[in-house]
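Shown next, in structure tokens, is the structure this report addresses.
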Amino acid sequence: MMRRLLISLVLAMGTMAVTAATAAAATWNVWPGHSIQRAIRHASPGDTIIVHHGTYHQNLTIRKSHLTLVGRDVTLLPPATPRGFCPKFSAPEVNGICVLGQFDPATGAPGAATAGTRISGFRVRGFDGDGIFLFNVAGSRIVRNVAAHNSGYGIAGFVQHGGVYLWNASHDNHEPGFYLGDSPNADYVIAHNRAWNNQYGIFVRHSAHGNIHDNQMWGNCVGALLLDDGQPGGLNHLTLWNNRSWANDAACPADEEGAPPLSGIGIGLVGAHSTVLHDNTITNNVPGGATAFSGGLVMISAKPFGGLALRHNRVAHNTLSGNSPFDIFYDGSGGDNTFTDNSCATSHPAWICQ
Numbered sequence: 019m020m021r022r023l024l025i026s027l028v029l030a031m032g033t034m035a036v037t038a039a040t041a042a043a044a045t046w047n048v049w050p051g052h053s054i055q056r057a058i059r060h061a062s063p064g065d066t067i068i069v070h071h072g073t074y075h076q077n078l079t080i081r082k083s084h085l086t087l088v089g090r091d092v093t094l095l096p097p098a099t100p101r102g103f104c105p106k107f108s109a110p111e112v113n114g115i116c117v118l119g120q121f122d123p124a125t126g127a128p129g130a131a132t133a134g135t136r137i138s139g140f141r142v143r144g145f146d147g148d149g150i151f152l153f154n155v156a157g158s159r160i161v162r163n164v165a166a167h168n169s170g171y172g173i174a175g176f177v178q179h180g181g182v183y184l185w186n187a188s189h190d191n192h193e194p195g196f197y198l199g200d201s202p203n204a205d206y207v208i209a210h211n212r213a214w215n216n217q218y219g220i221f222v223r224h225s226a227h228g229n230i231h232d233n234q235m236w237g238n239c240v241g242a243l244l245l246d247d248g249q250p251g252g253l254n255h256l257t258l259w260n261n262r263s264w265a266n267d268a269a270c271p272a273d274e275e276g277a278p279p280l281s282g283i284g285i286g287l288v289g290a291h292s293t294v295l296h297d298n299t300i301t302n303n304v305p306g307g308a309t310a311f312s313g314g315l316v317m318i319s320a321k322p323f324g325g326l327a328l329r330h331n332r333v334a335h336n337t338l339s340g341n342s343p344f345d346i347f348y349d350g351s352g353g354d355n356t357f358t359d360n361s362c363a364t365s366h367p368a369w370i371c372q
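Using my numbering, the first residue of the sequence shown is number 19, and each one after it goes up by one.
Quick look at the structure:
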């Protein structure tokens, strides 16, 4: 049995102490005025880094597996001079906290994933990229963070498997508050989060096998958007339940990537298949500007965007009211899409709510 040790180290750069419970798992303490990235650099898989109360003008890169990063009332703001690998990877934008697995620099093809990353207790504000960015990450836990006023996404993950966004808040970001993309084997949970005043509250693209529940979305252009963008595998086997999406009346103009102007959408399903929506509450989503379509629940084919028509989706026991022009809009595409026991007043086709 490995002998338990208590080690106190003082690094040459300042007062960044480490207490080791075992030789393989240490706790590093970072105080205001010192470098969080230095602690990350010296830590080993299995270690915990505790960042103590204060404001830190730093950007962070994590490329090691099984690190736990805990903020104790910590605000992370952009540094005057960004440092580390991630700003080079994302240039010219700078992300607040960046977790990267291995990938081919020439093609971007992922290699071994960075696994078991845990991040909690950070307010990440004002970055010209994303607040928290993950690429090729497995088993991550992003819990009780706040991402706000970032020019990119609030919290975003690409090529993810087996992780969670849990009890976070994301607001006033120029792009979606929460994002999951390019994850055909996601097995992901997005739950108990709040998203307001973003482009979209929650955006899931080209991903499958996940649960989205008990989230609150308001004041965005779209509360939650699920999109098949035409990549192999599409968007499928997602379950959304007990979410609240209301008053998403911000207006987002068309963008250079091909998205049309959008406003007033509670939840949008674009080309999804084998996806279930049940027991959600979707109310008072009314366009606040130009939009290609709107409504409480909008279900349309993804063929105009390179994807597929809707198929094998189930919509049941949801409560919808006060949405414009319809509580539920379905374009009739695809097949085997069912609507059961929803409480709603207006729909297209009318039989859905009748």
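Just so you know, even glycine gets a beta-carbon here, dropped at the ideal spot from N, CA and C.
Within 8 Å, strictly: CB atoms of residue i and residue j
i	j	result
Gly241	Ala269	no
Asp297	Asn336	yes
Ser312	Gly352	no
Val92	His71	yes
Val155	Ala131	yes
Gly89	Phe140	yes
Gly172	Asn216	yes
Leu94	Val142	yes
Asp267	Pro305	yes
Presumed contact (8 Å Cβ cut-off) between residue i and residue j, rounded CB distance
i	j	result
Ile80	Thr135	6 Å
Leu245	Leu253	6 Å
Leu338	Ile370	Incorrect: roughly 10 Å between the Cβ atoms, too far for contact.
Ser138	Arg101	About 23 Å separates the two Cβ atoms, so there is no contact after all.
Val177	Phe153	6 Å
Cys239	Ser292	That pair is no contact at about 27 Å.
Gly129	Gly119	7 Å
Ala382	Asp148	Since the first residue of the chain shown is 19 and the last is 372, residue 382 is not available in this structure.
Per DSSP, cross-strand counterpart(s) of residue i
i	result
His296	Trp259, Ala334
Cys116	Thr79, Phe151
Ser361	Thr337
Arg90	Bridge partners of Arg90: none, in fact.
Ser138	Val88, Val161
Phe347	Val316, His366
Pro100	Pro100 is not bridged to any residue.
Phe121	Pro128
Gly353	Arg329
Leu95	His75
His70	Bridge partners of His70: none, in fact.
His291	Asn254, Arg329
Ala269	Ser281
Ala133	Ala156
Residue range of the beta strand (DSSP E) that includes residue i
i	result
Gln178	173–179
Ser188	187–189
Phe196	196–201
Ser225	218–231
Thr45	43–48
Val288	283–288
Leu243	240–245
Val304	Neither: Val304 is in no beta strand (DSSP E) and is coded neither H nor E.
Ala209	206–209
Ala213	212–214
Leu253	Leu253 -> no beta strand (DSSP E), and no H or E assigned at all.
Gln234	234–236
Same chain only: Cβ atoms within 6 Å of residue i, ignoring 5 sequence neighbours per side
i	result
Gly228	Ala204, Tyr206, Leu256
Asp232	Ala209, His210, Asn260
Met317	Leu287, Leu328, Tyr348
Trp236	Trp214, Trp264, Ala265
Val248	In the sequence under discussion, the amino acid at residue 248 is Gly, which differs from the Val named in the question. These residues qualify, in order along the chain: Gly324, Gly325.
Cys116	Thr79, Cys104, Phe151
Ser169	Asp146, His192
Gly314	Gly284, Ile300, Asn303, Leu338, Asn341, Asp345
Met19	Reliability of the predicted coordinates at Met19 is poor, the pLDDT of 29 falling under 50, and no value is obtained from them.
Leu243	Tyr218, Phe221, Gly286
Gly180	Ala156, Gly157, Asp205
Phe357	Val333, Ile370
Asn197	Checking the sequence, you will find Tyr at residue 197 rather than Asn. Here the set comprises Tyr171, Ala174, Phe221.
Ser108	Gly147
Ala187	Val164, Arg212
His366	Phe344, Phe347
Ala166	Arg143, His189, Asp190
Residue range of the unbroken alpha helix (DSSP H) whose run includes residue i
i	result
Ala57	54–60
Phe107	103–108
Contacting residues, own chain, Cβ-Cβ under 7 Å from residue i (five flanking each side not counted)
i	result
Asp354	Arg329, His330
Gln234	Arg212, Arg262
Ala57	Met34, Trp46, Val48, Ile67
Pro97	His75, Gln76, Asn77
Glu275	none
Ala133	Ser83, His84, Ala156, Gly157
Sequence-distant residues of the same chain with beta carbon closer than 8 Å to residue i, five excluded per side
i	result
Ala61	Ala44, Trp46, Ile67, Lys82, Leu85
His224	Gly199, Asp200, Ser201, Pro202, Leu245, Asp246, Asp247, Gln249, Gly251, Gly252, Leu253
Ala310	Pro278, Pro279, Leu280
Lys321	Gly289, Ala327, Ser351
is_contact[residue i, chain C] using C-beta, thresh 8 Å
i	result
Ser62	Among the chains of the structure shown, chain C does not appear; only one protein chain is present.
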